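Structure, as structure tokens:
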Amino acid sequence: MINLLPTGFVEQMKKLLPTDFEQFFTVLDTPPPVSIRYNPRKISFENLEHMPIKSQVPWHPYGYYLESRPSFTFDPLFHAGAYYVQEASSMFLHEVLKQTTPSDKPLRILDLCAAPGGKTTLIASWMPEGSLLIANEVIRSRVTTLKQNLLKWGNINVFTSNYDPETFLPLTGWFDVVVVDAPCSGEGLFRKNNQARQEWTTENIELCSARQRRILRIAQQLVATGGTLIYSTCTYNSSENEMNAKLLSAEDDLPTLPLKRYENWNIRSRQPGYQFYPHLVEGEGFYINAFRKAGRVRSNLKHKKEFYKLSYLNNKEKKAIAPWFAEPDNYSYLKDSEGNVYFFPKEHGSDLLILDYHLPVGVWLHDAGQLKGDKFIPAHTLAMVPSLTHVNSVELEESDALLYLKKELNQLPVHAPSGWLTANYKGIPLGWIRNMGSRFNNYYPSTLRILKEIKK
Ligand code: SAM
Numbered sequence: 007m008i009n010l011l012p013t014g015f016v017e018q019m020k021k022l023l024p025t026d027f028e029q030f031f032t033v034l035d036t037p038p039p040v041s042i043r044y045n046p047r048k049i050s051f052e053n054l055e056h057m058p059i060k061s062q063v064p065w066h067p068y069g070y071y072l073e074s075r076p077s078f079t080f081d082p083l084f085h086a087g088a089y090y091v092q093e094a095s096s097m098f099l100h101e102v103l104k105q106t107t108p109s110d111k112p113l114r115i116l117d118l119c120a121a122p123g124g125k126t127t128l129i130a131s132w133m134p135e136g137s138l139l140i141a142n143e144v145i146r147s148r149v150t151t152l153k154q155n156l157l158k159w160g161n162i163n164v165f166t167s168n169y170d171p172e173t174f175l176p177l178t179g180w181f182d183v184v185v186v187d188a189p190c191s192g193e194g195l196f197r198k199n200n201q202a203r204q205e206w207t208t209e210n211i212e213l214c215s216a217r218q219r220r221i222l223r224i225a226q227q228l229v230a231t232g233g234t235l236i237y238s239t240c241t242y243n244s245s246e247n248e249m250n251a252k253l254l255s256a257e258d259d260l261p262t263l264p265l266k267r268y269e270n271w272n273i274r275s276r277q278p279g280y281q282f283y284p285h286l287v288e289g290e291g292f293y294i295n296a297f298r299k300a301g302r303v304r305s306n307l308k309h310k311k312e313f314y315k316l317s318y319l320n321n322k323e324k325k326a327i328a329p330w331f332a333e334p335d336n337y338s339y340l341k342d343s344e345g346n347v348y349f350f351p352k353e354h355g356s357d358l359l360i361l362d363y364h365l366p367v368g369v370w371l372h373d374a375g376q377l378k379g380d381k382f383i384p385a386h387t388l389a390m391v392p393s394l395t396h397v398n399s400v401e402l403e404e405s406d407a408l409l410y411l412k413k414e415l416n417q418l419p420v421h422a423p424s425g426w427l428t429a430n431y432k433g434i435p436l437g438w439i440r441n442m443g444s445r446f447n448n449y450y451p452s453t454l455r456i457l458k459e460i461k462k
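Every position in the sequence shown, counted from 1, becomes a number in the numbering used here once 6 is added.
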């Protein structure tokens with residue numbers, strides 16, 4: 007096995023782990039642990055009874071290891087956004103946030119390298135009530151998955167964007183927390199990914215390291231004084247980890263924050279930072295560090311009153327939409343020239359206008375649906391955000407729920423009410439159905455539909 011690894015990598019790991027490198031190399035040949043983190047706004051631990059739960063992830067209240075890897079595709083709760091399949095070491099971000107960032111007031115948070123959304127969903131489940139989270143991803147093709155994962159997770163105070171980090175510079179000093187889960191050489195995933203092993207070179211590490219420095223230099227400017235910058239990678243080498251951390255502390259005056267860890271967590275210290283090794287923790291390779299921006303000022307930025315290319319709904323239009331929302335007055339509604347309606351919680355109005363003014367095209371607001379005359383077709387979002395609507399629902403058995411998700415369901419249960427319904431599984435909405443009695447329409451988005459054949 008060791009022979010199949012690049013020599014440079016083997017040498018590096020022997021230096022990093024002089025007494026336990028053999029255990030490290032041995033574990034690279036074992037299957038990776040499987041872990042999930044449930045969505046506390048949709049389910050509780052009891053709803054996971056169908057899962058082969060093994061034990062709790064020590065550093066996350068909603069994180070659990072599984073005995074084996076089930077077929078997540080064929081679990082309707084996975085599509086309902088009831089849990090996220092996430093590698094356990096990464097879940098330590100929760101502990102870092104908890105220890106470094108006060109949670110007694112709403113925060114502005116930027117997740118700068120967000121796709122596919124693992125950390126974003128974790129932050130969304132942690133952040134204080136009333137916070138605003140921007141999930142940004144620079145690579146356009148990765149934004150689709152990010153948006154889909156966030157849509158399923160159903161947090162109405164998370165908004166997505168697609169910019170190079172530099173584009174955020176007009177928002178200097180505006181965020182209380184900036185998370186940089188940086189693109190890296192991926193050494194920590196060698197157990198999962200053979201391809202990554204083949205691609206290891208020192209040149210690539212230096213390239214990654216330089217790219218990370220660029221992102222960090224920008225990211226630290228975006229943090230409000232007194233705020234937190236969190237940097238993580240899924241790699242071991244010092245160029246991408248502590249050397250970048252040291253540069254940031256030295257050049258930009260951002261001291262690192264010490265983190266408390268239980269001894270049996272087996273997380274090693276780096277100078278500075280914290281390292282997860284797969285032979286010491288039940289998880290993959292991961293590095294994380296947190297920094298404090300000195301001082302106590304948050305910048306106040308100006309904004310206009312209107313959103314770019316969008317107009318507020320008139321009273322008649324608002325009236326058509328109001329019955330779809332349990333508390334319609336809590337939201338602002340906008341439309342584009344094609345009748346697509348967007349919405350956001352009113353409490354975020356001025357922050358979203360600031361983002362709209364200082365970023366080329368702002369952030370994506372939430373889809374509410376489509377207004378056609380006085381008729382309204384609700385967007386998938388309205389079904390996925392817990393407690394947003396209070397419409398009727400129909401409960402589906404597992405086999406019907408899977409057919410619904412494949413868009414192949416032919417019949418509704420006889421007791422299904424007529425009109426617009428959410429199709430639920432174990433009480434959790436999967437999406438929309440419109441029941442006209444003799445027939446019904448399945449509004450589950452085609453882009454999300456299960457493509458695999460269901461095993462009988
Ligand atoms: N935070 C994600 C999660 O937990 O699911 C994983 C992020 S992944 C480690 C790093 C991300 O950075 C990738 O989505 C990648 O497309 C993005 N990225 C690549 N180059 C970048 C750059 N120059 N600036 C910012 N992000 C970049």
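Glycine is no exception: its CB is placed at the ideal position from the N, C-alpha and C atoms. Since the model is a prediction, treat every value here as computed from it, not as a measurement.
Per DSSP, the beta-bridge partners of asparagine 142 are Ser167. Between asparagine 295 and proline 278, the CB-CB gap stays under 8 Å. Leucine 286 and threonine 241 have their C-alpha atoms roughly 15 Å apart. Excluding its 5 nearest sequence neighbours in each direction, leucine 359 has C-beta neighbours in its own chain below 6 Å: His309, listed in chain order.
Per DSSP, the unbroken alpha helix (DSSP H) holding tryptophan 132 starts and ends at 124 to 132. Among the bridge pairs identified by DSSP, isoleucine 383 is matched with Gln376.
Around tyrosine 337, the same chain offers Phe331, Phe349, Phe350, Pro351 and Lys352 as residues with beta carbons nearer than 7 Å, after the five sequence neighbours per side are excluded. The shortest C-alpha to C-alpha distance from cysteine 119 to any of Arg220, Leu263 and His364 is the one to Arg220. Here the segment 167 to 185 makes no contact with the segment 197 to 205; the two share fewer than three CB pairs at distances below 8 Å. The residues Leu265 and Lys266, in chain order, have a CB closer than 7 Å to that of glutamine 105 in the same chain once the five nearest residues on each side in sequence are set aside. Under the Cβ criterion (8 Å, minimum of three pairs), the segment 375 to 384 does not count as touching the segment 405 to 414.
No heavy atom of the ligand SAM is found nearer than 7 Å to the CB of serine 215. Between the C-alpha atoms of phenylalanine 30 and serine 356 there is a straight-line separation of about 50 Å.
Beta-carbon to beta-carbon, tryptophan 65 and phenylalanine 98 are separated by about 5 Å, close enough to satisfy the 8 Å threshold. Straight-line measurement puts the Cα of glutamine 227 at about 11 Å from the Cα of proline 171.
Assignment of proline 112 by DSSP, reduced to helix, strand and coil, places it in the coil class. For leucine 436, the uninterrupted beta strand (DSSP E) segment begins and ends at 434 to 441. Secondary structure of glutamine 62 (DSSP, three-state): strand. The three-state reading of DSSP puts glutamate 404 in helix, counting H, G and I together. Annotation for tryptophan 271: Pro64, Trp65 and Val287 place their beta carbon closer than 8 Å to its own, counting only its chain and skipping 5 residues before and after. Setting aside the 5 residues that flank it on each side, threonine 166 is surrounded in the same chain by Ala141, Val149, Leu152, Lys153, Leu156, Val369 and Trp370, each with a C-beta closer than 7 Å to its C-beta; the list follows chain order. For glycine 160 against arginine 47, the beta-carbon gap comes to about 7 Å, under 8 Å, which counts as contact.
Apart from sequence neighbours up to five positions away, the residues of its chain that approach aspartate 362 with a beta-carbon distance below 6 Å are Phe313, Tyr314 and Gly368, ordered along the chain. Residue environment: leucine 377 is assigned as buried (16 or more neighbouring CB atoms within 10 Å of its CB, all protein chains considered). Residue pairing by DSSP places valine 347 opposite Lys341 and Gly375 in a beta bridge. Residue environment: serine 191 is assigned as buried (16 or more neighbouring CB atoms within 10 Å of its CB, all protein chains considered). Going by beta carbons, leucine 436 and glutamate 290 fall outside the 8 Å limit. Going by DSSP, arginine 43 is part of the beta strand (DSSP E) stretching over 40 to 44.
For the set Leu213, Pro284, Thr13 and Asp342, the Cα lying nearest the Cα of tyrosine 318 is the one of Asp342.
The beta carbon of serine 393 sits closer than 7 Å to those of Ala332, all from its chain and outside the five residues before and after it, given in chain order.
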